[in-house]
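The structure under discussion appears below in the form of structure tokens.
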Amino acid sequence: MLGKLDWSAIPFDQPIPLIAGAVVLVGILAVLAWVVVKGHLPYLWHEWITSVDHKRIGVMYILLASVMLLRGGSDAIMMRIQQAVAYQSQGYLPPEHYNQIFSAHGTIMIFFVAMPFVIGLMNLIVPLQLGVRDVAFPTLNSVGFWLTATGALLVNLSLVIGEFARTGWLAFPPLSELSYSPGVGVDYYAWSLQISGVGTLVAGINLVTTVLKLRTKGMNYLRMPMFCWTTLASNLLIVAAFPILTATLAMLLLDRYLGFHFFTNEAGGNVMMFMNLIWAWGHPEVYILVLPAFGIFSEVVSTFSGKALFGYRSMVLATMAICVISFMVWLHHFFTMGAGPDVNAIFGIASMIIAIPTGVKIYNWLFTMYGGRIRFETPMLWSIGFMVTFIIGGLTGVLVAVPPADFILHNSMFLVAHFHNVIIGGVLFGAFAGFEYWFPKAFGFRLDERWGKLAFWFTFLGFYVTFIPLYVAGMLGMTRRMQHYDVAAWRPWMLVAAAGMAVLTIGVICQIVQLVVSIRNREALRDRTGDPWDGRSLEWATSSPPPVFNFAFNPDVRGEDAYWDMKARAQQQSLEHGGPEYQDIEMPRNSPTGFVCAFFATIMGFALIWHIWWMVILGGIGAFATFVVFAWRDHDEYVIPAEEVAAIDRVNLEERRSLVSMAGTV
Amino acid sequence: MSDQTHMPAGHDLAPGDEEQHSVGTRILGYVVGLVLALLLTATSFFIAGTDLVWQPSIPVALIVLAIAQMGVHLVFFLHITTGPDNTNNVLALAFGLLVVFLVVGGTVWIMAHLNANMPAMDQIMTMRR
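Residue numbers (my numbering), protein chains in the order written: chain H, 1 to 666; chain Z, 1001 to 1129.
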């Protein structure tokens, strides 16, 4: 009846996951109770859960990423403490638990923190920057988000029901095959990634279509803000690479569920094929994450330097070059697998070549700052912190791209330090820069500067104190994923790294405090004009938060840096047009399709993990029925009457007029 | 992409959006595509079993027919044309082909070289002493 599921699935003997799970459960129940008692449930349902508004979905993506960042961060803290204490002892985490933690940490940080964070920012901002009212497929957007949430839910469910994979974040066979991992851990891993992978692919298709098909009048390709270009490149990579992940995990699942032999040790399976395929997805994946971050830095650096982006066209070219070359380097993740010197040399050289367009970008940002009137506000601090940190990470990357060096450093702590250096220094700093930069746009008030700066400095310093020692430990021969060790020379570095983790944690706490303080002081921090940073692109041409239709009039773009141009000429379109020309606006209706679909996907995923076949069929039928109901809908749009548009727009227009007249005097 | 500069954004059509043709013309297009696709499929099965084609070249013939089949699908069913309104679709196709070529070609190449660091069997024998 319930497949493999019984009471033994709940780890009563392990206090840590059980207590953590109980705390989270109590937290969720408390929030739910509060929502219901206060009567917020209808609001939540109508305005957020069923929303197909790209801004709302973007915010929900970022919220999901932030919560998962805390989960993944807790895993990181536990690992650092374990390695600090487990010198000539077993530490406090038994091996099977420690292995689950490092697997969950990697899986969560990449798939449920970095991905939703950048996809959320792209969702939130790209339609605004393009001057359009929504993404190409609004309901599909909602489906994509909720499927990602399903994946995150399943991963976290493994904390209290069953176990998570003990195989590392990419579940390499043969360890992940049934003969070595008979439990449900790998199934949790694979099904949550399959389901959230569908969500990511859908988001990718949506954003590619949005950038290619929905641009406002005059917004041709070479006038698009840099963030739109990196979004295009990143989502092209999603569309091209995620099917590889899905196919690879499908093969692994066939091995585990139906006795296939794609990656098994016996019967002609080939584990090397798994490494090859997973990294053919895995390397483009890191560029999927970091390209949007590059876009964010381009926007931030140019805005806070008060200058147009230096070398816009070379930046576009570099972005598209990275997009293509990222598909030519994946072997550098397994130089040591046995490919000959020819293969290793070619992929090593390709890996070094991809550093060139990245270097071009760094120089462009530096030259953008050169001669600019730089304002060192929080987003700019994150951007400068990124440049310094990412260069170090990039250089160690070029070092491990040299095959002979990689043979020594492969799977060492040096490698761990390297990829944290580029992912934290690149993606996470970028996400935080984007968060600080676009928060006023999303919510209508700025974030507190003082706490923001504190958060930056603690995170920045904490990062170095944590990860530079890992470089050293790697050089001293320490391999990754060690539950305990007996080498005295590594111990001090592990202690320093643990101290660094404490500093990083303070940084995270500052970020939370910043949010709380800003919400409390929101009236003082209110952004009335919609343009708090003296911005250059179209998202600043509407109010903060933008009305549901984004722009009362589709902006008319006449050059790069569209909004800067409008301000300079003080003839922003909504200023030219007075009142009478307001028109009715048609917007897509909200739809519970995404949420219901993900609900059934969750049931189906859970049932697949536990081999509860009747429930799998039930979930499948439910998800398909949801699709059918949506496909046969009668009304998919509603009309906002012109008077309402006018009423909403006029409020902001007054504020903006005064701003533009002030800017005109400068 | 640069030739889009003077074109208003959102001008080009999504696949299947060609509204300028009448229904009859479109049905004719699909019928021609279907007949061609069936013909190519039938031919593949047919030549595999006969000696109409020089036996050793049958794999090559099948590959040629398969590529022709892809072309038929692209033109008649996915409506990839060389018209100016189709730049995005052609570029997407080119990018897709490039990625498939890189991944499949790269995989074949990598997997064929995995034993490069393994000594030949007779060397292993002499090593053992």
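In this text, a Cβ means the ideal position worked out from N, Cα and C, and glycines have one as well.
Query, Result
"For F467(H) and G507(H), I'd like the C-alpha separation in whole angstroms.", "15 Å"
"The ligand ZN and V487(H): does any heavy atom of the ligand fall closer than 7 Å to the residue's C-beta?", "Ligands in the displayed structure: none, and consequently the ligand ZN is not present."
"Taking V1072(Z) as the query, report the chain H residues whose CB atoms sit under 8 Å from its CB, ordered along the chain.", "Result: empty, since nearest Cβ-Cβ is about 23 Å, beyond 8 Å."
"Tell me, please, whether the CB atom of N1115(Z) is closer than 8 Å to any CB atom in chain H?", "yes"
"By how many angstroms is the C-alpha of G259(H) removed from the C-alpha of A1048(Z)?", "32 Å"
"Do the CB positions of V155(H) and F117(H) come within less than 8 Å of each other?", "no"
"Alpha carbon to alpha carbon, what distance is there between T358(H) and R480(H)?", "27 Å"
"CB-CB under 7 Å to M718(H), same chain, minus the five flanking residues each way: which ones, in chain order?", "Nothing about residue 718(H) can be read from this structure; chain H reaches only from 1 to 666."
"What does F709(H) reach in chain Z if we use C-beta pairs closer than 9 Å?", "A question about residue 709(H) goes unanswered here, because the residues of chain H that appear run from 1 up to 666."
"Give the single residue among F1076(Z), L1040(Z), N1086(Z), F1095(Z) whose Cα lies nearest to the Cα of L1062(Z).", "L1040(Z)"
"Determine the contact status of P545(H) and A442(H), defining contact as a CB-CB distance below 8 Å.", "yes"
"How is M60(H) classed by DSSP in three states: helix, strand or coil?", "helix"
"Looking only at C-alpha atoms, which of L153(H), N550(H), G295(H) sits nearest to I648(H)?", "N550(H)"
"State the beta-bridge partners of P588(H) as determined by DSSP.", "E637(H)"
"Counting Cβ pairs closer than 8 Å, one from the region 175 to 192 of chain H and one from the region 622 to 634 of chain H, do we hit at least three?", "no"
"For H283(H), which residues from the same chain have a beta carbon less than 8 Å from its beta carbon, with the 5 sequence-adjacent residues on both sides left out?", "S326, F327, V329, W330, H332, H333"
"Using the C-alpha atoms, what's the distance from T602(H) back to H1113(Z)?", "42 Å"
"Identify which residue in E654(H), A267(H), Y257(H), A293(H) has its Cα closest to the Cα of A431(H).", "A293(H)"
"Residues of chain Z with CB closer than 9 Å to the CB of A321(H), please, in chain order.", "Within chain Z, no residue comes near A321(H); the closest Cβ sits about 13 Å away, beyond 9 Å."
"Do G151(H) and S192(H) come within 8 Å of each other at the CB atom, strictly closer than that value?", "yes"
"Could you tell me which chain Z residues have their CB closer than 9 Å to the CB of M273(H), listed as they occur along the chain?", "T1107, M1111"
"At what residue ranges does the region 603 to 633 of chain H contain a whole run of the alpha helix (DSSP H), taking only runs of 4 or more?", "613 to 631"
"Shortest alpha-carbon distance to Y188(H) belongs to which of W169(H), I125(H), P15(H), G385(H)?", "W169(H)"
"DSSP three-state call for R656(H): helix, strand or coil?", "helix"
"If the cut is a Cβ gap below 7 Å, which residues of chain H does N1131(Z) touch?", "The structure shown does not extend to residue 1131(Z), since chain Z spans only 1001 to 1129, so no value can be given for it."
"Ignore the nearest five residues each way along the sequence and tell me which others in Y485(H)'s own chain have a CB closer than 6 Å to its CB.", "none"
"Measure the C-alpha to C-alpha separation of M566(H) and R558(H) and round it to an integer number of angstroms.", "9 Å"
"Pick helix, strand or coil for R373(H), following the three-state DSSP scheme.", "coil"
"Give me the Cα-Cα distance between V513(H) and V628(H), rounded to the nearest whole angstrom.", "45 Å"
"Considering only the alpha carbon of each residue, which of G269(H), W614(H), R589(H) lies closest to L140(H)?", "R589(H)"
"Quick one: does L331(H) have its CB under 8 Å from some CB of chain Z?", "yes"
"Under 8 Å Cβ to Cβ from E266(H), same chain only, skipping five residues before and after it: list those, please.", "none"
"Name the DSSP bridge partner or partners of T479(H)?", "S412(H)"
"Quick one: what's got a C-beta closer than 8 Å to T505(H)'s C-beta in the same chain, skipping five residues either side?", "G73, I77, G462"
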